[in-house]
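Heads up: the structure comes next, in structure tokens.
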Amino acid sequence: MTKILVIDDNEDVRDTLVTILEDAGYQIAIARDGEEGVKQFAAERPELVITDIFMPKQEGIQTIREILLLCPQARIIAVSGGMSGYGNGKLLNGFYLHLAQKLGAVDIIPKPFDIEDLVERIQRALQPSNLPQRNKA
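With the working numbering, the residue at position 132 of the sequence shown is 131, and numbering never jumps.
Following this line, the structure appears as structure tokens:
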């Protein structure tokens, strides 16, 4: 069974993703922040990581960097709803999602996400043809 690691500080989002993904037939591991997520990734080596961008302790950009250092072939989808209260949330959100993609995320998804679209993107990310080809930096 394909394992997906969900990293998000919002319990409601985590619970929603777990329900959706388990219903779609995936095995799920969860982490509440990036620091915990990197440890989970190292221990479990899931086939896909879905990480939020704005989280306490360690945000998603650093989390993506650290996971890719551990495994340059890791498949990562970055999700974010922006950071309310800090400037223009949509602009900030777009900037960080695109930065995540430049760093190596195979896909980026703004919140709120459409469930069917999310599942399609996950299926696409898991296709053998979408295995990231990266060089170690």
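Glycine included, each C-beta is placed from N, C-alpha and C at the ideal position.
It should be emphasised that the depicted structure is a prediction, and the values quoted were computed from it without experimental measurement.
Compute the distance between the beta-carbons of residue i and residue j, then report whether it is under 8 Å.
{"i": "residue 36", "j": "residue 4", "result": "yes"}
{"i": "residue 45", "j": "residue 8", "result": "no"}
What residues in its chain sit with their C-beta under 8 Å from that of residue i, if we drop five residues either side in the sequence?
{"i": "residue 143", "result": "There is simply no residue 143 to check, as the chain begins at 0 and stops at 136 in what is shown."}
{"i": "residue 102", "result": "60, 63, 64, 67"}
{"i": "residue 22", "result": "none"}
{"i": "residue 26", "result": "0, 1, 2, 3"}
{"i": "residue 125", "result": "1, 46, 47, 74"}
{"i": "residue 38", "result": "30"}
{"i": "residue 112", "result": "78"}
Report back the beta-carbon spacing between residue i and residue j to the nearest angstrom; my notes put them in contact at under 8 Å.
{"i": "residue 108", "j": "residue 19", "result": "Contact doesn't hold; Cβ gap of about 13 Å is too wide."}
{"i": "residue 47", "j": "residue 74", "result": "5 Å"}
{"i": "residue 2", "j": "residue 43", "result": "6 Å"}
What does a CB cutoff of less than 6 Å around residue i pick up in its chain, not counting 5 residues either side in sequence?
{"i": "residue 29", "result": "5, 13"}
Leaving out five residues on either side along the sequence, give the residues of the same chain with a beta carbon under 7 Å from the beta carbon of residue i.
{"i": "residue 120", "result": "76, 106, 108"}
{"i": "residue 69", "result": "40, 41"}
{"i": "residue 31", "result": "8"}
{"i": "residue 104", "result": "63, 75, 76, 77"}
{"i": "residue 57", "result": "32, 33, 34"}
Subject >> Ranges of the beta strand (DSSP E) found wholly within the region 9 to 39, counting only runs of at least 3 >> reply: 26 to 30
**OP:** Counting only runs of 3+ residues fully inside the region 40 to 72, write out the beta strand (DSSP E) ranges in chain order.
**Re:** 47 to 51
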